[in-house]
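Each residue of the sequence shown is one higher than the last, beginning at 32 in this note's numbering. C-beta atoms are modelled at their ideal positions from N, C-alpha and C, and glycine is treated no differently. For reference, the structure is listed below as structure tokens.
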Amino acid sequence: MASTLTKPAPPSAAPAAVRRRTRVLALPEARWALAALVLFLLGLPPALLGAPAWVWGTLFAATYVTGGWEPAWEGLKALRNKALDVDLLMVVAALGAAAIGQVLDGALLIVIFATSGALEAVATARTADSVRGLLDLAPTTATRLLPDGTEESVATGGLVIGDVVVIRPGERVGADGRVLAGASEVDQATITGEPLPVVKETGDEVFAGTLNGTGALKVEVARDASDSVIARIVRMVEEASETKAPTQLFIEKVERRYSLGMVAATPAVFLIPLAFGADPTSSLLRAMTFMIVASPCAVVLATMPPLLSALANAGRHGVLVKSAVVMERLGQIDAVALDKTGTLTEGTPRVTTVRALTGHDGGEDGRDGGEHGRDGGEGGCDRGEHGGERRREEGEEECGRAGDVYGPGGDGRGPDEDRVLALAAAAEHPSEHPLARAVVLAAHARGHRLAPAEEFCSTPGVGVTALVDGDTVEVGAPARLLNGTGDAYSVRAATVSAELEADGHTAVLVKANGVPAGVLGIADRLRPDASVTVAALTRLTGTAPTLLTGDNPRAAARLAAEVGITDVRAGLLPQDKVAVVREQEGAGRRVLVIGDGVNDAPALAAAHTGIAMGRAGSDLALENADAVIVRDELATVPAVVALSRRARALVVQNLVVAGVFITGLVLWDLVGTLPLPLGVLGHEGSTVLVGLNGLRLLREAAWRRAAVAAAG
32 MASTLTKPAP PSAAPAAVRR RTRVLALPEA RWALAALVLF LLGLPPALLG APAWVWGTLF
92 AATYVTGGWE PAWEGLKALR NKALDVDLLM VVAALGAAAI GQVLDGALLI VIFATSGALE
152 AVATARTADS VRGLLDLAPT TATRLLPDGT EESVATGGLV IGDVVVIRPG ERVGADGRVL
212 AGASEVDQAT ITGEPLPVVK ETGDEVFAGT LNGTGALKVE VARDASDSVI ARIVRMVEEA
272 SETKAPTQLF IEKVERRYSL GMVAATPAVF LIPLAFGADP TSSLLRAMTF MIVASPCAVV
332 LATMPPLLSA LANAGRHGVL VKSAVVMERL GQIDAVALDK TGTLTEGTPR VTTVRALTGH
392 DGGEDGRDGG EHGRDGGEGG CDRGEHGGER RREEGEEECG RAGDVYGPGG DGRGPDEDRV
452 LALAAAAEHP SEHPLARAVV LAAHARGHRL APAEEFCSTP GVGVTALVDG DTVEVGAPAR
512 LLNGTGDAYS VRAATVSAEL EADGHTAVLV KANGVPAGVL GIADRLRPDA SVTVAALTRL
572 TGTAPTLLTG DNPRAAARLA AEVGITDVRA GLLPQDKVAV VREQEGAGRR VLVIGDGVND
632 APALAAAHTG IAMGRAGSDL ALENADAVIV RDELATVPAV VALSRRARAL VVQNLVVAGV
692 FITGLVLWDL VGTLPLPLGV LGHEGSTVLV GLNGLRLLRE AAWRRAAVAA AG
């Protein structure tokens with residue numbers, strides 16, 4: 032029976048996490064960017080159709096103001112601190128374009144830049160939302176047990192170390208602590224990532240925010256709310272996000288220095304010839320031409336089209352890469368750390384093995400059928416203490432046969448696997464336990480129709496008992512159901528269970544009328560593409576990935592052996608995963624972390640690059656990851672890494688082309704006389720050329736080549 036510690040009270044439903052999601056238009060950056068975009072779109076048709084300049088000019092001027100005032104202000108503040116910010120440079124470039132008549136081009140630049148800033152603000156806000164929302168996993172109130180045995184409801188923030196709280200079935204644990212009394216199964220996947228609930232008994236540790244099962248627990252608070260594991264995860268994510276080195280495209284680092292040089296050189300190109308008596312008009316024309324041909328437009332486009340094309344191509348194939356910076360960084364990784372549950376595996380326990388227990392000679396064990404009332408002489412069904420004729424859901428069952436599922440038969444045959452599974456599923460059908468759902472699902476997959484279960488009873492940490500067609504069926508933990516009995520079938524059941532557990536499975540014993548009938552092996556199933564992905568990542572990085580998991584070492588070792596991973600770190604809490612990432616990055620590695628759960632979020636935030644599994648990934652993991660595998664196709668990870676490396680190669684090609692054009696045009700302007708239209712043509716021509724070269728990565732063939740390159 033389920034444990035009951037105090038007078039039962041109606042179980043309170045686990046509080047649903049409140050979504051604290053910032054609305055996009057609540058952000059000023061988003062509002063200004065939207066206004067700039069609308070104004071630009073209103074002004075574009077009149078400008079293209081030759082309407083009077085005052086019509087479209089007014090709209091474009093408003094675009095400059097709405098989209099450019101904020102980055103200009105930020106840039107001026109940076110300039111006051113003796114730093115030339117890229118925000119200010121982009122606004123100056125847009126104003127420069129307007130000054131030489133390229134009003135539409137400048138307005139477009141403002142819109143693109145404002146939109147980029149808005150997207151960055153949204154991403155930052157959503158990350159903050161998810162971090163704050165994590166705190167909603169822990170309940171706001173708890174039931175505190177007073178010394179006189181009465182109970183009171185208190186805020187969890189008011190609990191102090193030493194308080195005793197009652198956790199009833201279905202409630203979330205309100206504080207980190209240790210179990211004083213009771214037994215239950217607690218789902219702590221949010222903390223450890225373990226796929227199955229963990230049995231908690233006296234002396235075991237429980238964590239705030241985890242979900243209690245069917246038993247009741249008395250828990251002594253061991254940590255303040257501010258020091259709970261959930262609170263520490265929040266702090267780790269925030270700290271990792273703050274301390275992670277600021278990232279920017281490589282070309283942006285070069286552009287800052289280049290732009291400083293260009294800003295300083297343009298007045299010099301105008302003033303130096305004047306000092307030697309040159310005509311002011313020709314000097315001004317030369318300086319304007321220099322500003323145009325030396326501007327870094329082609330250099331900027333050398334980088335963005337390849338990265339954005341790769342980003343769009345990856346998106347079409349189910350990988351959401353959050354920015355061009357991330358796409359660039361993906362190609363730099365040289366080490367990989369993988370979560371187990373929900374990443375390498377499907378995250379759902381499934382029946383992988385059904386072992387029917389083999390019978391023994393009837394004479395040796397005295398099992399000639401008489402013990403169980405199974406004479407069966409003329410087809411009669413006198414079943415001793417159970418008596419009566421038994422009918423199954425499928426129809427009338429023949430009795431008196433040896434080796435049926437209710438006990439060992441006289442001829443030495445054991446129960447068949449299908450019958451073991453059908454009995455277990457019938458008994459487990461009323462249960463909500465993940466293992467029970469796995470058993471029922473397996474039975475349905477084999478086409479079994481389940482008999483109704485009566486007198487169902489669930490005992491936390493032990494299993495379930497039910498009456499199925501008049502026979503008592505027990506399903507649960509072998510160690511609890513065998514009770515140290517030494518008969519041949521119990522010994523065989525213990526041996527089979529030990530073999531399955533040694534192989535990383537969860538063993539579930541099935542007993543019928545007190546006699547072991549079979550053992551089920553349940554495990555989290557490996558993703559079909561897991562082995563291929565691990566092999567591809569090993570080829571790309573030169574080293575095999577590391578497995579990081581909160582699961583037990585045996586299950587982790589079994590799965591790692593299947594996919595070819597040798598570096599296994601098991602039994603890890605979130606802070607332990609971060610420590611492993613820090614350790615590898617301290618050794619000079621650029622680590623890619625792939626995970627899906629709340630417990631993976633700190634490591635995803637701390638890593639050089641983080642990728643989350645999208646289908647079942649937690650909000651916190653999705654928001655803190657740099658990329659998301661939307662369709663949960665693990666094999667797309669090495670493909671997108673290879674695509675990133677191809678994009679980086681195209682960036683280098685484009686930089687060479689842009690550099691040759693800029694150098695040639697600048698030398699022509701300084702040494703000779705470069706006509707302004709020809710300078711504009713050369714500048715724009717190089718810009719278009721590198722842009723088109725980068726767009727090659729939009730083609731489907733680019734993804735196929737990346738996938739082939741990743742596969743080796």
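Straight-line measurement puts the Cα of Leu351 at about 25 Å from the Cα of Val721. Ala456 is positioned such that its CB atom lies no closer than 9 Å to that of Asp502. Setting aside the 5 residues that flank it on each side, Gly148 is surrounded in the same chain by Glu60, each with a C-beta closer than 6 Å to its C-beta; the list follows chain order. Under the DSSP definition of a beta bridge, Met644 partners with Ile660.
Counting along the chain, no alpha helix (DSSP H) covers Phe238, and no H or E run does either.
Between the stretch 295–305 and the stretch 683–693, the count of C-beta pairs closer than 8 Å stays below three; the two stretches do not touch. Taking the CA atoms as reference points, Ala109 sits about 24 Å from Ala355.
By the criterion of at least three beta-carbon pairs nearer than 8 Å, the stretch 490–498 is not in contact with the stretch 583–599. Around the CB of Ala652, 16 or more other CB atoms lie within 10 Å, so the residue is classed as buried. Counting other Cβ atoms within 10 Å of its Cβ, Ala482 reaches 16 or more and is therefore classed as buried. Straight-line measurement puts the Cα of Thr374 at about 22 Å from the Cα of Gln363. Secondary structure note for Ala173: its beta strand (DSSP E) is the uninterrupted segment Thr172 to Leu176. The three-state reading of DSSP puts Ser184 in strand, counting E and B together.
By the CB criterion at 9 Å, Val230 and Val624 fall outside the cutoff. Within the stretch 56–98, the alpha helix (DSSP H) runs of at least 4 residues that lie entirely inside it are, in chain order, 59–79. Leu72 sits exposed, since fewer than 16 C-beta atoms from the chains shown fall within 10 Å of its C-beta.
The count of Cβ pairs closer than 8 Å, one atom from the stretch 230–245 and one from the stretch 197–207, reaches three, so the stretches are in contact. With contacts defined by Cβ atoms closer than 9 Å, Ala689 and Ser717 form a contacting pair.
With a 10 Å radius around the Cβ and a threshold of 16 neighbouring Cβ atoms, Ser184 comes out exposed. Put simply, the stretch 518–531 does not touch the stretch 558–566. Fewer than three CB pairs are less than 8 Å apart.
DSSP, reduced to helix, strand and coil, places Lys608 within a helical segment of the structure shown.
Collapsing the DSSP output to three states places Ala247 in coil.
Here Arg175 has Glu183, Val185, Asp194 and Val196 as same chain residues with Cβ atoms under 6 Å from its own Cβ, once five neighbours each way along the sequence are excluded.
Straight through space, the alpha carbons of Leu557 and Ala732 are spaced by roughly 30 Å. In this structure, the alpha-carbon of Asp582 lies about 38 Å from that of Thr181.
Residue pairing by DSSP places Ser675 in no beta bridge whatsoever. A residue is called buried once 16 or more other Cβ atoms fall within 10 Å of its Cβ, and Leu452 is buried on that count.
In the three-state scheme derived from DSSP, where H, G and I count as helix and E and B as strand, Lys231 is classed as strand. Shortest Cα-Cα distance from Ala567 to any of Val672, Val611 and Glu505 involves Val672.
In the DSSP annotation of this structure, the continuous segment of the beta strand (DSSP E) that includes Arg209 starts and ends at Gly208 to Gly213.
Excluding sequence positions up to five before and after Asp235, its CB lies within less than 6 Å of the CB of Val210, all in the same chain and listed in chain order. The three-state reading of DSSP puts Ser259 in coil, since its state is none of H, G, I, E or B.
With contacts defined by Cβ atoms closer than 9 Å, Leu513 and Ala529 do not form a contacting pair. Closest option to Val252, judged by alpha-carbon separation, among Asp310, Gly188 and Ala295: Gly188. Separation of Gly349 and Leu665 (C-alpha to C-alpha, rounded to the nearest whole angstrom) is 10 Å.
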